[in-house]
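Asks: Below is the structure I would like to discuss, written out as structure tokens.
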Amino acid sequence: MTKKERIETGWNFDNSYARLPKSFFSGLSPTPVRSPKLIILNHSLATSLGLNAEDLESDEGVAVLAGNQIPEGAFPLAQAYAGHQFGHFNRLGDGRALLLGEQITPLDERFDIHLKGSGRTPYSRRGDGRAALGPMLREYIISEAMHALGIATTRSLAVVTTGESIIRETELPGAILVRVAASHLRVGTFQYAAQWVTIEELQMLADYTLDRHYPGGDVAENRYLFLLEEVIKRQASLIAKWQLVGFIHGVMNTDNMTISGETIDYGPCAFMDTYDPETVFSSIDIQGRYAYGNQPYIGGWNLARLAESLLPLLHSDYAKSMEMAQNAILNFNKLYQSNWLAGMRAKLGIFNEEVQDQALIEDLLAIMQKYRADYTNTFRALTFDKLGDMALFETTEFAEWHVRWQERLGRQEESKASSHLLMRKSNPAIIPRNHRVEEALEAAAEHGDYSVMDRLLNVLSNPYAHSTEQEEYAALPEPSACPYQTYCGT
Ligand code: AMP
Ligand code: MG
């Protein structure tokens, strides 16, 4: 690419990860694709990255998004990592993705630009290195919805079709998702380092991570303990937010948990309709390891794997390292619980704290579960005091609970109007409901009609607006004989 073009598009790479020891990655170029076509571009994200959207839409711009052309300053590489997949430890790595480089934005922030579906790498094992259009659009929709809900997440800059088919159960159109992330450092990156590189290199990775995400480490008494504690804080906050909106990640393997605290890997995720802690959507999660109600527990389990990986850095005395790690992990539960409780209080319009609040919340959830109430719509109805068309609201249990809740609201200084405002901000009008996402994907991937997806993206972009056009998106799916299922690695 010529210098003039680079300036027009705004690519501005500085590739710090590529300066780590070679054991952390394999440098290689994406496998070119036959005929790239831009399906969707995230204009506002492009602008915040310092990229010119119009230029990205040109043939040269799309060639970069598809991996057919490497912009000046990029250093494409596949990252090495490991991970516990459903509890089993495996050596992994980017098998169908590449880090193109780190874009430095006009505000001097650093973001990974990742191509997902860019071809085989040394870590591909038996996979084809490719991705299908449907799942890449699905990631685009749900990750952008999460961002709009105020939940830390990797973002989606673009989806490009490749003009090539890929073989899954059937032949599907191939696509590449351009993913943007604070970084792609994972719990599994540290597990890889603890197992397969030297302690000096593990320490380099930890120092690199501190520099990139947790600069406060420079003044900490023990910078590696600080790193562990900060990741624990971010994950406690993140997973609490998932629970508060009914998001089920679906594949919380340690390689799918970031060090930055962003949600990553939108393979089999889905939002819960009916409140039930045992909800699982992923077709391969037979045991319910990653069920909605299990997510906080799994979060703690994954962080314990991070703590283990950091043991050699925490202290020269192994017993002391263990003690530090254990204390940090024990704190995760407390942090998670307080984040969740604070979020639930807000969902119920409660400003101050009373010890009985937890029981008030849990009692509501228990009756929601008993009467199979829709999670999102219950809180919406409470927000607007529209206790109409849900079976839950007809019950005496609910009536009793409602009296307790109203009394509780009476025991704070804030007015009813302030409570209502807090609830509006804390309870989304809409979430990406599974049937709506499927409807959009079917129109797009099977009929080339992107209008359904565009409308959906539009209403999802402001989930707390409570606008009239969002109303129809709050409707539940028709009852179905087959429960909704999601699939990984597609
Ligand atoms: P995931 O389930 O998406 O977290 O992926 C787990 C691992 O499988 C990662 O190392 C991926 O890079 C790899 N993987 C998933 N799909 C493919 C594919 N189609 N080709 C090669 N590797 C893949
Ligand atoms: Mg993954």
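The sequence shown maps to residues 3 to 492 in the numbering used here. All C-beta atoms in this analysis are idealised placements derived from N, C-alpha and C, irrespective of residue type, glycine included. None of the values given here were measured: they were computed from a predicted structure.
#1: How about Gly518 and Arg236: do their beta carbons lie closer than 8 angstroms?
#2: Have a look at Lys372, Ser120 and Glu104 and flag the residue whose alpha-carbon is nearest the alpha-carbon of Phe113.
#3: Quick check: the Cα distance between Ser60 and His422, rounded to an integer number of angstroms?
#4: Could you round the C-beta distance between Thr164 and Ile178 to whole angstroms and report it? I think they count as a contact, below 8 angstroms.
#5: So is Ser318 buried or exposed if we call it buried at 16+ other beta carbons inside 10 Å?
#6: Quick one, which of Trp244, Ala327 and Phe192 has its alpha-carbon nearest Ile261's?
#7: Report all residues from its chain with a CB closer than 7 angstroms to the CB of Ile168; omit the five preceding and five following residues, and keep chain order.
#8: Who are the Cβ neighbours of Arg122 in its own chain at under 6 angstroms, not counting the five residues just before and after it?
#9: Please list, in chain order, all residues with a C-beta atom less than 5 angstroms from at least one heavy atom of the ligand MG.
#10: Please classify Arg36 as buried or exposed, where buried requires at least 16 neighbouring CB atoms within 10 angstroms.
#11: For Ala383, collect the residues of the same chain with a Cβ closer than 8 angstroms to its Cβ; drop the 5 residues on either side in sequence, then sort them by chain order.
#12: What residues are listed by DSSP as bridge partners for Glu173?
#13: Could you check what DSSP says for Gln297 in three-state terms: helix, strand or coil?
#14: Give me the Cα-Cα distance between Ser340 and Lys39, rounded to the nearest whole angstrom.
#15: Can you tell me which of the three DSSP states Arg132 falls into?
#16: Give every residue of the same chain whose Cβ lies closer than 6 angstroms to the Cβ of Lys243, excluding the five residues on either side of it in the sequence, and list them in chain order.
#17: In angstroms, rounded to a whole number, what distance separates the CA positions of Glu7 and Glu223?
#18: Following the continuous alpha helix (DSSP H) through Ile241, name the residue where it begins and the one where it ends.
#19: Could you spell out the range, first to last residue, of the beta strand (DSSP E) harbouring Leu117?
#20: Just the Cα atoms here: how many angstroms apart are Tyr210 and Leu459?
#21: Please check the pair Thr408 and Phe353, which I expect to be a contact at CB under 8 angstroms, by giving their CB distance rounded to whole angstroms.
Replies: This is what the structure holds:
#1: Outside the shown range of the chain, which is 3 to 492, sits residue 518, and nothing can be said about it.
#2: Locating residue 113 in the sequence shown gives position 111, where the first residue counts as 1. Ranked by Cα distance from Phe113, the options Lys372, Ser120 and Glu104 are led by Glu104.
#3: Position 58 of the sequence shown holds residue 60. Position 420 of the sequence shown holds residue 422. Each residue's alpha carbon lies about 47 angstroms from the other.
#4: On the sequence shown, residue 164 is found 162 positions in, with the first residue counted as 1. On the sequence shown, residue 178 is found 176 positions in, with the first residue counted as 1. Right, the Cβ-Cβ distance comes to about 6 angstroms (below 8 angstroms), so this counts as a contact.
#5: Locating residue 318 in the sequence shown gives position 316, counting from the first residue. Exposed.
#6: In the sequence shown, the residue the question calls residue 261 occupies position 259. Distances from the alpha-carbon of Ile261 to those of Trp244, Ala327 and Phe192 put Phe192 closest.
#7: What you label residue 168 is simply residue 166 of the sequence shown in a count that begins at 1. Here the set comprises Asp130, Arg132, Ala134, Leu174 and Gly176.
#8: As a first step, residue 122 must be located in the sequence shown, where it is residue number 120. Only Gly131 meet the Cβ criterion.
#9: The set of residues whose C-beta lies within less than 5 angstroms of a heavy atom of the ligand MG reads, in chain order, Asn258 and Asp267.
#10: Within the sequence shown, the letter at position 34 stands for residue 36. With fewer than 16 Cβ atoms within 10 Å of its Cβ, Arg36 is classed as exposed.
#11: Locating residue 383 in the sequence shown gives position 381, counting from the first residue. Result list for Ala383: Leu389, Gly390, Met392 and Phe395, in chain order.
#12: Counting from one through the sequence shown, the residue named residue 173 turns up at place 171. Looking at the DSSP assignment, Glu173 forms a beta bridge with Ile169.
#13: Along the sequence shown, one-based indexing puts residue 297 at 295. The three-state reading of DSSP puts Gln297 in helix, counting H, G and I together.
#14: As a working mapping, residue 340 is identified with position 338 in the sequence shown. As a working mapping, residue 39 is identified with position 37 in the sequence shown. As the crow flies, the alpha-carbon of Ser340 is around 46 angstroms from that of Lys39.
#15: Residue numbering aside, residue 132 sits at position 130 when the sequence shown is read from its first letter. If DSSP states are grouped into helix, strand and coil, Arg132 belongs with coil.
#16: To locate residue 243, count along the sequence shown from 1; it is residue 241. Closer than 6 angstroms at Cβ, skipping near neighbours: Ile153.
#17: Mapped onto the sequence shown, residue 7 falls at position 5. Mapped onto the sequence shown, residue 223 falls at position 221. Residue placement at Glu7 is flagged as unreliable, the pLDDT there being 46, under the threshold of 50; the coordinate-derived value follows with that caveat. Those two C-alpha atoms are separated by around 47 angstroms.
#18: On the sequence shown, position 239 is the one that residue 241 refers to. It spans Arg225 to Val247 - the alpha helix (DSSP H) in which Ile241 sits, taken as one unbroken run.
#19: Along the sequence shown, one-based indexing puts residue 117 at 115. From DSSP, the beta strand (DSSP E) with Leu117 extends over Arg112 to Lys118.
#20: Mapped onto the sequence shown, residue 210 falls at position 208. Mapped onto the sequence shown, residue 459 falls at position 457. For Tyr210 and Leu459, the distance between alpha carbons rounds to 36 angstroms.
#21: What you label residue 408 is simply residue 406 of the sequence shown in a count that begins at 1. What you label residue 353 is simply residue 351 of the sequence shown in a count that begins at 1. Going by the sequence as given, residue 408 is Gln instead of Thr. In fact, because the Cβ distance is near 15 angstroms, the residues do not count as touching under 8 angstroms.
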